[in-house]
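Working notes, structure below.
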Amino acid sequence: VVGYDADGDGNFTMGEKPAWVTSLSKENGDGGTVAETGTATVTKDVTDLLAKRNKDMKEATPRGTSSNYYDLSTHKLDGTVIPRSTANCYVISAPGFYKIPLVYGNAIKNGNKNESSYKTSNTGAYILQNFKDHLGNDINDPWIEKTNSGANSGVDGAKIVWADEADLVTAYSIEHDGNEAYLQFEVDKDDIKTGNVVLAATKNDIVVWSWHLWFTAPDVLNTISCTNRQNKIYNFTKETTGWKYTTWKRTSYDQPRTVKMKVRQTIPNGGNYQEAVIIIKQNSGGVRQGYGVLYQWGRKDPFAGTDVFAEGSFQIDASQFSFAKGIQHPEKFYHWNWFGIMHYNLWSINNTVTGFNDNEVIKTVYDPSPAGFHVPASNAFTGFTTTGENTNTLSEFNVSGSFDWGWDFNNKIISPDATIYFPAIGFRYASNNGALLTVGTRADYWSAVTSHPENACRLFFVPNSVIPKHNGTGEYQNGCAVRPVADN
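FYI, the numbering for the sequence shown is 59 to 546, going by the numbering used here.
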């Protein structure tokens, strides 16, 4: 061995031997006419990204104190103080003392009452004009205890509906501060890790509202700009709501790394030294697996994408759904005709149409997304095939790489400059008692728009199909994923 070329400039020197090539079984041959073989030993530069994420969460600066709870609705994920914006989902990335205002969904936005989240002037058989509270009454104030002239005042308890990891939240209780009420809880440094909790506020042991707490990295709500087939830009969250890796390891390099090694005869043949170049190549790669949370279309509360619960439970209910029952029982999966009459506007307050479009989505109090985000319009996924249509033809998948517990879709059809990972999160099949199926091989992602009175528009994919405009009948009661987009 007389030299290495690590940078591809054609110059070989011993100083260019890369650190990842640690040794060679042979650096000199025995001579002769018989070929000899040798082995290069290389480092395994693999990072456990899940362990790193959990470690970063444990070591993050704690939020709040026991005498000054940290209000999740008045802070960005980086800790910046902002006017209050409420939601049904809050991201937590550090230990601490937290509180959530007892407010319906996104009924307060940028510090102001947001009536358009629970009331519309539109009318019609499939329009919900006034969104309902846990008793089935019209919501007419953002604060749970103030709506309907204080009919719901006296909220006095809290409980975990379900959790996929133990002890993510403790010491949960209701705190009244003047004429406002909060659900407060603690997150211990020793127990924080990636996971999900649904935490409810109760009055006389009846749930009045509940919230999804997503424990994960603070960058999951960073956005990836994706342009669809209609040339509309959607800024998707970096990760699917509730996504939790169970295995996530990756090489420290994204592309295969190579080095050329030159060998030369020590004794010339006819005055000439024979030379050869051997290429040592180490592929990049990794493994990623996990699960997320799943929603029946139009409901605000998630169901676990796993059948293993650390706390709480998952229940099947075949009775007729009502909005009051759904709010009081976030643990129940209503697997048959879950709200009787389909409403077009449960996740988009002013929606009056069905089918695929790029119409503006105005977020409702039933939207499951974090503050600043909403369930996307029905055309949001059309950029994930080159035609914008449903396809089983691999060359028409607008993807980078092969299927790997999901697809890495390109963010544009023409000249993409980023990818976005949609995990194969599986689904809960209503016709099979809410059974969790196909995790790792299939996914369905809801849009905010119905396709007709028996279903909602969504993205569907498996390894051999990408269906950005799925509108099958009778499936809105299935549990599917949500990938939010940023508000305009």
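A virtual CB, placed ideally from N, CA and C, is assigned to each residue, including glycine. Quantities reported herein were computed from a predicted structural model and do not represent experimental measurements.
- Excluding its 5 nearest sequence neighbours in each direction, F467 has C-beta neighbours in its own chain below 7 Å: F442, N456, V457, T477, I478, F480, listed in chain order.
- Using a Cβ distance threshold of 8 Å, F243 and A229 count as a contacting pair.
- Remark: C-beta atoms of Y349 and I150 do not approach each other more closely than 8 Å.
- Contact check for R287 against G446 passes: the beta carbons are separated by less than 8 Å.
- The C-beta of Y331 has fewer than 16 other C-beta atoms within 10 Å across all chains shown, which makes the residue exposed.
- Rounded to the nearest whole angstrom, the CA to CA distance from L352 to G122 is 30 Å.
- The Cβ-Cβ distance between I218 and L279 does not fall below 8 Å.
- For a cut-off of 8 Å, the C-beta gap from I250 to L226 is around 7 Å, short enough to register as a contact.
- In this structure G154 is in contact with Y128, their Cβ atoms being roughly 6 Å apart against a cut-off of 8 Å.
- A residue is called buried when at least 16 other Cβ atoms come within 10 angstroms of its Cβ; S342 does not meet this threshold and is exposed.
- Less than 8 Å divides the Cβ of V79 from the Cβ of I338.
- With a threshold of 16 other beta carbon atoms within 10 Å, L452 falls short and is exposed.
- At least 8 Å separates the beta-carbon of D106 from that of K247.
- Put simply, the region 317-328 does not touch the region 385-393. Fewer than three CB pairs are less than 8 Å apart.
- Counting the other Cβ atoms within 10 Å of the Cβ of E418 gives fewer than 16, which makes it exposed.
- Between S505 and T412, the C-beta spacing is not below 8 Å.
- Per DSSP, T449 lies in no beta strand (DSSP E) segment and is marked neither H nor E.
- In this structure S131 does not touch T119 by the C-beta definition: roughly 19 Å separates them, more than the 8 Å allowed.
- Counting every other CB atom within 10 Å of its CB across the protein chains shown gives E85 a total below 16, marking it as exposed.
- Here DSSP, grouped into helix, strand and coil, assigns A488 to helix.
- For I202, the three-state secondary structure derived from DSSP is coil.
- The beta carbons of G537 and F485 sit closer together than 8 Å.
- Rounded to whole angstroms, the gap between the alpha carbons of K110 and G182 is 51 Å.
- Annotated three-state conformation of N280 is coil, per DSSP.
- Taking 8 Å as the cut-off, the Cβ atoms of A382 and H192 count as close.
- With fewer than 16 other CB atoms across the displayed protein chains lying within 10 angstroms of its CB, N491 is exposed.
- If you check the CB distance, P76 and V317 come in under 8 Å.
- The C-beta distance from I282 to K296 rounds to 6 Å, short enough to meet the 8 Å contact threshold.
- In the three-state DSSP reduction, G537 falls in the strand class (E or B).
- In this structure, DSSP gives F273 an extended state, which the three-state scheme calls strand.
- Beta-carbon to beta-carbon, L271 and K157 are separated by about 12 Å, too far to satisfy the 8 Å threshold.
- Leaving aside the five residues that flank R315 on each side, the residues in its chain whose CB is nearer than 6 Å to its CB run, in chain order, Q340.
- Cα atoms of V423 and T440: separation of roughly 27 Å, rounded to the nearest angstrom.
- DSSP places D63 inside the beta strand (DSSP E), whose first and last residues are 61-63.
- Between the region 167-179 and the region 403-412, the count of Cβ pairs shorter than 8 Å is three or higher; the stretches touch.
- In terms of Cβ geometry, F294 and V524 do not form a close pair [threshold 8 Å].
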